[in-house]
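Okay, so here's the structure we're looking at.
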Amino acid sequence: QNEEKWDFVLVSDIHEMGSEKEIKRKKFLDELSKKGFTIKKIEDTKLFYGVRAPQHIFWKYQCLLTNSDSRQQNCSAHQDIPATTRIRVVHFILQNTVTSDLEKLHDLMKKKVFEAAFPLHKKEEIREILKKKWARWRVLFKEQPIEEIRCYFGEKVALYFAWLGWYTYLLIFAAAAGLATVTAGAIVFSSSQVSKEICDANNTIMCPLCDQNCSFWVLSDTCTYAKVTQMIDNEATVVFAMFMAIWATVFLELWKRERATVAINWDMYGWDEDEEELALHMINNCQHEPQPYRHSYFRSTIVLVLAVLMIMVLIGIAHALVIYRAVAMALFMQSQVDLLSKHADTVAVMTGAVLHYLTIVIMTKVRSHTGPWALLPFLEKPRTFSQQENNFTVKIFLFQFFTNFSSLIYIAFFLGRINGHPGHYVRIAGHWRLEECHPSGCITDLFIQMAVIMVLKQTISNIMEYLIPWITHQLRKKQKLPKKRSMMLGEEEEAEDPCKRQWLNNYELNEVNVFSLFNEYLEIVIQYSFTTIFVAAFPLAPLLALINNVIEIHMDAIKMMRLRRRMVPRKAKDIGIWLQVLEAIGILAVIGNGLVIAITSDFIPVQVYQYMYSPCARGNHTSVDCSTGYINNSLSVFRIQDFEPHTKVLPEFNGVQIKEYRDYRNADDYSYTVQFWHIFAARLAFLILFEHVALCVKVIAAWYIPDVPQRVKNQILTKKHSNLRNELRWVMPWKLPG
């Protein structure tokens with residue numbers, strides 16, 4: 006059985022004879038015919054056009070790119086040209102064929118002349134291997150068949166899965182370290198002197214958390230939260246944060262080595278994207294002149310202004326979340342529901358986190374459908390698709406980064422530090438006072454926020470990511486069932502074309518676009534940001550990321566093989582600008598974790614107390630824990646009569662005139678104490694020391710681990726030497742000196 010081979014399928018509605026759309030379609034197909042393309046038409050509820058390129062086009066491609074394709078992996082034994090190369094070349098020609106009306110396929114699809122254009126998922130051995138070894142849930146913990154992925158989807162997709170697999174493998178070590186940190190915190194630090202003092206503080210009366218109908222409360226009420234806080238806010242967390250800074254560097258350096266090995270094995274080391282693009286243009290049109298590189302400061306300024314405006318909008322959304330938390334806290338405190346009023350602070354934090362997650366989902370949808378990003382290609386006018394993709398990547402990553410992290414940045418570094426003090430609170434619109442940190446410590450708020458967002462992103466988002474394409478595919482199958490054509494009198498029934506069912510099956514799959522792989526990268530890079538930047542506040546982030554990635558790899562595989570049309574294979578020798586993005590995140594991780602430990606955590610105040618104000622500092626080196634008395638030392642006193650006039654004081658506490666709150670202020674004028682400035686100086690010193698040490702370790706690790714293995718360098722050297730010897734044989738003997 007000799008099955009017909011078709012490189013691409015074009016789909017069109019059935020237009021009226023002589024209509025503008027029918028004329029435009031015919032002109033485009035005529036242009037393809039002039040280039041030697043074979044075109045086959047099948048009519049159903051739509052018109053399907055199978056397209057096959059002439060062999061001479063691929064011979065030209067091989068001749069023009071001999072060096073890069075001289076040792077192409079023979080992915081399919083019965084073909085001289087790999088299927089991925091055929092699809093890529095034909096796709097380029099289809100996209101750049103110009104009709105007599107100066108319209109390309111992209112323009113015709115906008116005008117609904119054509120509805121779709123896609124390569125086919127064919128019944129071939131390599132596809133069955135991928136379905137069996139990759140695109141199924143049974144092989145969840147088995148190694149990915151990267152070579153087969155490359156032969157079916159091209160180098161760019163294969164590199165994505167190779168990188169994702171490598172990242173997931175190294176997450177095992179980060180997840181183990183995070184789990185060990187939390188376990189050590191649970192066993193050793195949750196029963197520390199600090200948490201004991203909070204649990205025993207039955208007589209320490211604290212200032213109310215809101216102005217109306219809020220009672221004074223006892224510090225020991227936060228005993229459980231204090232133990233949870235000590236699990237993540239201890240000496241082990243500092244070590245873990247340093248470990249993660251080194252891990253991020255080692256991960257990238259080892260990936261560079263892995264990428265170099267992959268590139269040499271695929272004969273991609275000397276591949277040049279500009280050369281490939283020029284060769285494809287010349288195959289399509291031998292009169293083609295290269296488009297020069299251009300840069301416009303005016304256009305760049307407009308893009309910069311648009312980017313700043315979008316970032317300001319995202320910061321505004323973060324401010325809206327701050328207002329929500331302040332208002333929600335006040336309303337929950339005054340609620341008649343006992344559960345809400347007792348745990349108002351925790352409920353406000355958790356509902357705020359859910360709201361933050363919803364804004365992430367909404368803004369992601371807004372970003373993918375509308376916004377100024379649609380204008381970027383027209384404003385910047387990139388020379389190549391790769392350049393357009395790089396420009397797009399940086400701006401969209403910034404957009405997503407601020408969407409995900411603006412609220413977390415506020416919680417980590419501003420919450421509880423700009424809200425004033427009892428008797429002089431900072432208020433929103435002069436009414437709602439800004440939210441304070443959780444009574445057990447500021448790091449608890451950050452822990453809860455990150456836990457809620459990561460869990461929601463990795464459950465609801467992943468379920469929807471799989472379910473929506475599956476449901477869409479099922480609906481398309483029902484809507485696009487082939488209809489039998491009504492028979493004319495005397496007309497014989499024709500046998501169904503064997504291609505028809507295959508083309509219909511491919512058409513029923515969900516469409517892919519040029520940025521489908523970009524969206525997969527973006528999702529994982531944002532997850533990498535969560536895993537590294539604030540990991541000191543949430544050491545379980547690498548474990549959640551590991552579980553997510555094991556599922557994500559096979560979920561993406563199932564979507565690509567069973568639910569989506571075949572992606573157009575593209576060549577690549579690395580992951581492109583994403584590597585620079587990951588390196589930038591690595592530096593942000595050092596800064597972010599240093600700031601979390603120095604500012605958000607109670608680590609520095611405890612250390613200052615132990616070395617300057619504790620019994621140990623006074624030379625009393627007995628068996629007493631050096632943290633003894635820390636909690637009482639960290640509280641400031643407040644006179645009830647200094648409350649603002651509208652504050653409602655409940656009757657049961659009228660007899661006591663002094664209450665406490667967490668801060669370092671004098672009792673007479675509420676100015677900062679000397680100890681506050683000691684702690685401030687220590688925070689600053691620790692931040693500078695931590696960041697410099699971590700960055701130095703990163704630089705040393707980057708130097709210590711070569712980007713390219715010596716074996717790969719020697720292979721390249723041997724190949725260059727062999728090529729030069731072969732060229733030397735062609736030099737005539739009498740032209741050699743001597």
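In terms of my numbering, the sequence shown opens at residue 6 and continues consecutively. Positions of the beta carbon are idealized from the N, C-alpha and C atoms, including for glycine. These numbers come from a predicted model, not from an experiment.
- Check whether the Cβ of Thr408 sits closer than 7 Å to any heavy atom of the ligand GDP, and report yes or no. The ligand GDP is not among the ligands present in this structure, which contains no ligands whatsoever.
- Item | Endpoints, the alpha helix (DSSP H) within which Arg734 is located | Residue mapping note: residue 734 aligns to position 729 of the sequence shown, counting from 1. For Arg734, the enclosing alpha helix (DSSP H) covers residues 715 to 734.
- Taking C-beta to C-beta, are Val255 and Ile604 nearer than 8 Å? Residue mapping note: residue 255 aligns to position 250 of the sequence shown, counting from 1. Residue mapping note: residue 604 aligns to position 599 of the sequence shown, counting from 1. With contacts defined by Cβ atoms closer than 8 Å, Val255 and Ile604 do not form a contacting pair.
- Compute the Euclidean distance between the alpha carbons of Met469 and Ala335, then round it to the nearest angstrom. Within the sequence shown, residue 469 is the residue found at index 464, counting from 1. Within the sequence shown, residue 335 is the residue found at index 330, counting from 1. For Met469 and Ala335, the distance between alpha carbons rounds to 34 Å.
- Query: Leaving out five residues before and five after Leu420 in sequence, what residues of the same chain have Cβ atoms less than 7 Å from its Cβ?
  - Reply: By one-based count along the sequence shown, residue 420 stands at place 415. These residues qualify, in order along the chain: Glu440, Cys442, Cys447, Asp450.
- For Ser225, which residues from the same chain have a beta carbon less than 8 Å from its beta carbon, with the 5 sequence-adjacent residues on both sides left out? Along the sequence shown, read from residue 1 onward, the residue named residue 225 stands at position 220. Excluding positions up to five away in sequence, the list reads Ile203, Cys204, Asp205, Ala206, Asn207, Thr209.
- Query: Could you give the residue range of the beta strand (DSSP E) that holds Ile121?
  - Reply: Counting from 1 along the sequence shown, the entry for residue 121 is found at position 116. For the record, residue 121 in the displayed sequence is Ala; it is not Ile. Counting along the chain, the beta strand (DSSP E) containing Ala121 begins and ends at 121 to 123.
- Are there 16 or more other CB atoms within 10 angstroms of the CB of Thr104, so buried, or fewer, so exposed? Translated into the one-based positions of the sequence shown, residue 104 becomes position 99. Result: buried.
- Message: I'd like the list of long-range same chain contacts for Ala562, defined as Cβ closer than 7 Å, with 5 residues on each side in sequence excluded.
- Response: For the purposes of this step, residue 562 is taken as residue 557 along the sequence shown, with counting starting at 1. Only residues of its own chain outside the window of five on either side were considered, and among them Trp139, Ala140 have a CB closer than 7 Å to the CB of Ala562, listed in chain order.
- Query: Where does His1 land, buried or exposed, given buried means 16+ other C-beta within 10 angstroms?
  - Reply: For residue 1 there is no data in the structure shown, the boundaries of the chain being 6 and 743.
- Item | Between the CA atoms of Gly599 and Ile695 - distance to the nearest angstrom | As a working note, residue 695 is residue 690 in the sequence shown. As a working note, residue 599 is residue 594 in the sequence shown. For clarity, residue 695 is Phe in the given sequence; the question names Ile instead. Phe695 and Gly599 have their alpha carbons spaced roughly 6 Å apart.
- Message: Quick check on the burial criterion: 16 or more other C-beta atoms within 10 angstroms. Buried or exposed for Leu551?
- Response: For the purposes of this step, residue 551 is taken as the residue at position 546 of the sequence shown. By the C-beta density criterion, Leu551 is buried, having at least 16 other C-beta atoms within 10 angstroms.
- Item | Euclidean distance between Cα positions of His683 and Val267 | Mapped onto the sequence shown, residue 683 falls at position 678. Mapped onto the sequence shown, residue 267 falls at position 262. Rounded to whole angstroms, His683 to Val267 spans 53 Å at the Cα level.
- Query: Who are the near neighbours of Thr43 in its chain, counting only those whose CB is closer than 7 Å to its CB and skipping five residues on each side?
  - Reply: Walking along the sequence shown from the start, residue 43 turns up at place 38. Within the same chain, Thr43 has close Cβ partners Arg57.
- Query: Nearest-angstrom Cα distance between Phe342 and Thr229?
  - Reply: Taking the sequence shown and counting its residues from 1, the one referred to as residue 342 is at position 337. Taking the sequence shown and counting its residues from 1, the one referred to as residue 229 is at position 224. At residue 342 the sequence reads Val, which differs from the Phe that was named. Across the structure, Val342 and Thr229 are spaced so that their CA atoms are roughly 21 Å apart.
- Along the chain, where does the alpha helix (DSSP H) that runs through Phe452 open and close? Within the sequence shown, residue 452 is the residue found at index 447, counting from 1. In the DSSP assignment, Phe452 falls within the unbroken alpha helix (DSSP H) covering 447 to 461.
- Straight-line gap, Asn637 to Met211 (C-alpha atoms, nearest Å): Start at 1 with the first residue of the sequence shown, and residue 637 comes out as number 632. Start at 1 with the first residue of the sequence shown, and residue 211 comes out as number 206. Cα to Cα, Asn637 sits roughly 12 Å from Met211.
- Query: So, does the CB of Leu545 fall closer than 8 Å to a CB anywhere in chain C?
  - Reply: Looking at the structure shown, chain C is missing, and only one protein chain is on hand.
- Message: For Val187 and Leu545, which I take to be in contact (beta-carbon distance under 8 Å), what is that distance rounded to the nearest angstrom?
- Response: The sequence position of residue 187 within the sequence shown is 182, counting from 1. The sequence position of residue 545 within the sequence shown is 540, counting from 1. Contact flag correct, Cβ pair sits at about 6 Å.
- Item | Proximity of Phe119 and Leu125 at Cβ, strictly below 8 Å | For the purposes of this step, residue 119 is identified with residue 114 of the sequence shown, where counting begins at 1. For the purposes of this step, residue 125 is identified with residue 120 of the sequence shown, where counting begins at 1. Result no, Cβ atoms of Phe119 and Leu125 do not sit closer than 8 Å.
- Expressed to the nearest angstrom, what Euclidean distance is found between the alpha-carbon atoms of Arg91 and Ile316? The residue given as residue 91 occupies position 86 in the sequence shown. The residue given as residue 316 occupies position 311 in the sequence shown. Arg91 and Ile316: Cα-Cα distance of roughly 42 Å.
- Message: By the three-class DSSP mapping on this structure, what secondary structure does Lys45 have?
- Response: Here residue 45 refers to the residue found at position 40 when the sequence shown is read from its first residue. Strand at Lys45.
- Going by C-alpha distance, which of Gln198, Ala312, Trp475, Gly581 is nearest Ser628? Locating residue 628 in the sequence shown gives position 623, counting from the first residue. Here the closest residue by C-alpha is Gln198.
- What residue ranges within the stretch 676 to 709 form continuous alpha helix (DSSP H) runs of no fewer than 4 residues, ordered along the chain? Those alpha helix (DSSP H) runs which fall completely within the stretch 676 to 709 and span 4+ residues are 679 to 709.
- Task: Please list the segments of the alpha helix (DSSP H) lying wholly inside the stretch 515 to 552, counting only runs of 4 or more residues, in order along the chain.
- Result: You should have 521 to 537.
- Message: In the DSSP assignment, the beta strand (DSSP E) including Arg644 goes from what residue to what residue?
- Response: Locating residue 644 in the sequence shown gives position 639, counting from the first residue. Its beta strand (DSSP E) spans residues 640 to 644.
- Message: Judging by CA-CA distance, which residue of Thr389, Ile401, Ser301 is the nearest neighbour of Val313?
- Response: Numbered from its first residue, the sequence shown carries residue 313 at position 308. Closest option to Val313, Cα to Cα, is Ile401.
- Item | Unbroken stretches of the alpha helix (DSSP H), 4 residues or longer, contained in the stretch 318 to 350 | Unbroken alpha helix (DSSP H) runs of no fewer than 4 residues, entirely contained in the stretch 318 to 350, are found at 343 to 347, following chain order.
- In terms of alpha-carbon separation, which member of Asp106, Val144, Ala284 lies closest to Ile98? As a working note, residue 98 is residue 93 in the sequence shown. When the alpha-carbon of Ile98 is set against those of Asp106, Val144, Ala284, the nearest one is in Ala284.
- Task: Report the option in Ala121, Ser38, Cys68, Phe63 whose CA atom is closest to the CA atom of Val16.
- Result: Taking the first residue of the sequence shown as 1, we reach residue 16 at position 11. Ala121 is the residue among Ala121, Ser38, Cys68, Phe63 whose C-alpha sits nearest the C-alpha of Val16.
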